[in-house]
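*Asks:* Right, I'll just put the structure down here and ask away after.
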Amino acid sequence: MNIGITCYPTYGGSGVVASELGKSLAERGHKIHFISYAMPFRLDGFRENIYYHEVEISSYPLFDFPLYTPALASKIVEVARFEKLDIIHAHYAIPHAISAYLAKQILGDNSIKIVTTLHGTDITLVGLEPSYLPVMKFSIEQSDGVTAVSRFLKEKTLTSYQIKKPISVIPNFVDCSKYVRVTDDHVRRQFAPNNEKILIHISNFRPLKRVGDVIRIFNIVRQKVKSKLLLVGDGPDRSIAEQLARELGIVEDIKFLGKQAEIIPLLSIADLFLIPSQSESFGLSALEAMACEVPVVASSVGGLPEVVIHGTTGFISEIGDVERMAKYSVELLTNETKHKMFASASRKRAVEEFEVHGIVSQYENLYEKILDDKTYPPMTIAESQ
Ligand code: GMT
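The opening residue of the sequence shown carries number 35 in our numbering; numbering runs sequentially from there.
Now the structure itself:
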């Protein structure tokens, strides 16, 4: 198949999923055309069957805002025409599904199919704003296939947007042959010279990640277990987090590592992954940690309980309950037998439920079904009113 993928190219789960999906489909012989405003960060170097088309956004003094949606639609039209796309796969609905819909109308070709994958805040936050809601509902319903990354997100979409068409749950995935724990004592000693335990958090430091809770949890844990905290990523709450660490007087035990392209060596030295988010439709970073045998302490929100099994691969608590999350963390960090069991159960769950090959086949099957099955027509405009 010739598949166009449009996504956000920056650090962030939806871009990671789109890029890894494209790479895996390309290895299976499909021609993959990424269409975005910058090269997705996981698409490093030349790869067979992968092409990149940059969306150019011209500016004009009259425009207060860049006009990305029509620019993307025009680029999709161009790529679809000349590369004979069968599928346009939009990752993160806003504005990708809207541009894909526009492009299809311009092409006037019903044989090109649109698949939209809903990732998270496109549904739970941004799309619910009155200024976007009607266009979100419309573009979801006009897609030929819609997928959500968790059961939670599917239910949320159906109820919040009153969507009248089927949504397939295709969970996120991890390449377990790449995401493997590679023990490197040299790296471990850099961060924990006295054999301290290592807790890790990886995110884009947006307020909904509750990085302050990560620091508060660690503040309690370190009073009971000799430990260090690695904070990977960057974003709007980074300075607030650094400030909190200074106020608590624990900055010596915390390393702010910023954005890191290579996270496997870091996950490989970690004993525990913390993800106390306010909202999380899936929690890809938690899954990547699990593949590297790192148990997870998470909040009980969104799709996280579909990834982390309470009492088996980690623990789950109410949002903001830092005391309980700290208690669970200490429990795992002080009981070696339990920790070993949780670590291997985490890896097992990643391999058995979320391994790349099985999940990518689900996308492939969906594309094939949509391309030759007439039961997947988009709704008429009247039906979706
Ligand atoms: O929805 C977002 O906030 C952005 C998005 C991203 O691009 O990072 O994250 C979402 O998609 C990821 C990949 O499917 C999920 O693992 C994240 O849980 C989800 N984030 C939220 O729901 C907050």
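For every residue, glycine included, the Cβ atom is placed at its ideal position computed from N, Cα and C. Quantities reported herein were computed from a predicted structural model and do not represent experimental measurements.
#1: Have a look at Ser20 and Asp218 and give me their C-alpha separation to the nearest angstrom.
#2: Would you identify the three-state DSSP class for Ser395, choosing helix, strand or coil?
#3: How many angstroms separate the CA atom of Ser233 from the CA atom of Ala226?
#4: Give the DSSP bridge partners of Glu88, in chain order.
#5: Assign Thr193 to one of two classes, buried (16 or more other C-beta atoms within 10 Å of its C-beta) or exposed (fewer than that).
#6: Just checking my contact of Val221 with Pro299 at CB under 8 Å: how many whole Å lie between their CB atoms?
#7: Over the uninterrupted alpha helix (DSSP H) stretch that includes Thr181, give me the two end residues.
#8: Suppose only complete runs of 4+ residues qualify. What are the alpha helix (DSSP H) ranges in the region 115-190, listed by chain order?
#9: Only counting the same chain, and skipping five residues up and downstream in sequence, which positions put a Cβ closer than 6 Å to that of Asn36?
#10: With a threshold of 8 Å, are at least 3 pairs of Cβ atoms found where one atom belongs to the region 151-167 and the other to the region 98-109?
#11: Please state the DSSP three-state secondary structure of Lys262.
#12: How should Thr191 be labelled, buried or exposed, when 16 other C-beta atoms within 10 angstroms of its C-beta is the threshold for buried?
#13: What residue ranges within the region 220-276 form continuous beta strand (DSSP E) runs of no fewer than 3 residues, ordered along the chain?
#14: Can you tell which of Asp98, Leu318, Gly292 and Ala131 has the C-alpha that lies nearest to the C-alpha of Ile431?
#15: Three or more C-beta pairs under 8 Å: does that hold for the region 322-337 against the region 260-268?
#16: When you compare the region 77-96 with the region 306-320, are there three or more beta-carbon pairs, one atom per stretch, that lie closer than 8 Å?
#17: Can you tell which of Arg280, Asn206 and Gln294 has its C-alpha closest to the C-alpha of His235?
#18: Quick check: does the Cβ of Asp219 come within less than 7 Å of any heavy atom belonging to ligand 1?
#19: Let me know if Lys188 comes out buried or exposed under the rule of 16 or more other beta-carbons within 10 Å of its beta-carbon.
#20: So what does Phe25 bridge to, in DSSP terms?
#21: Would you say the beta carbon of Glu314 comes nearer than 7 Å to a heavy atom of ligand 1?
#22: Do Ser363 and Val255 have their CB atoms nearer than 8 Å?
#23: Ordered along the chain, which non-local residues of its own chain (more than five positions away) have a Cβ less than 8 Å from that of Pro241?
#24: Between Val330 and Phe307, which are expected to be in contact by the criterion C-beta below 8 Å, what is the C-beta distance as a whole number of angstroms?
#25: Determine the DSSP secondary structure at His64, reduced to helix, strand or coil.
#26: First and last residue of the alpha helix (DSSP H) that includes Leu338?
#27: Start and end of the alpha helix (DSSP H) containing Thr368?
#28: Is the beta carbon of Glu54 less than 8 Å from the beta carbon of Arg76?
#29: Excluding the 5 residues preceding and the 5 following Lys258 in the sequence, name in chain order all residues of the same chain whose CB lies nearer than 7 Å to its CB.
#30: Between which two residues does the beta strand (DSSP E) harbouring Ile39 extend?
#31: Secondary structure at Ser202, three-state DSSP: helix, strand or coil?
#32: Go ahead and label Thr371 buried or exposed: buried means 16 or more other beta carbons lie within 10 angstroms of its beta carbon, across all protein chains shown.
#33: Could you check what DSSP says for Gly79 in three-state terms: helix, strand or coil?
#34: Give the DSSP-derived three-state secondary structure of Ile404 in the structure shown.
#35: How about Leu338 and Ile297: are their beta carbons less than 8 Å apart?
#36: Quick one, which of Ser273, Phe172 and Ile204 has its alpha-carbon nearest Tyr195's?
*Replies:* Reading off the structure:
#1: This structure cannot speak to residue 20, because the chain is shown only from 35 to 419.
#2: helix
#3: The amino acid occupying residue 233 in the given sequence is Leu; Ser does not appear at that position. Cα to Cα, the separation comes out at about 11 Å.
#4: Ser70
#5: exposed
#6: 5 Å
#7: Where Thr181 is concerned, there is no enclosing alpha helix (DSSP H), although the beta strand (DSSP E) it sits in stretches over Gly179 to Ala182.
#8: 127-141, 155-158 and 167-176
#9: Lys65, Glu117, Lys118, Leu119 and Asp120
#10: no
#11: strand
#12: buried
#13: 231-236 and 261-266
#14: Residue 431 lies beyond the residue range present for the chain, which begins at 35 and ends at 419; the question has no answer from this structure.
#15: no
#16: no
#17: Gln294
#18: no
#19: buried
#20: Residue 25 is absent from the model: the chain starts at 35 and stops at 419.
#21: yes
#22: yes
#23: Pro270, Asp271 and Gln312
#24: 5 Å
#25: coil
#26: Leu338 to Val341
#27: Val356 to Thr368
#28: yes
#29: Val364
#30: Asn36 to Thr40
#31: strand
#32: exposed
#33: coil
#34: helix
#35: no
#36: Phe172
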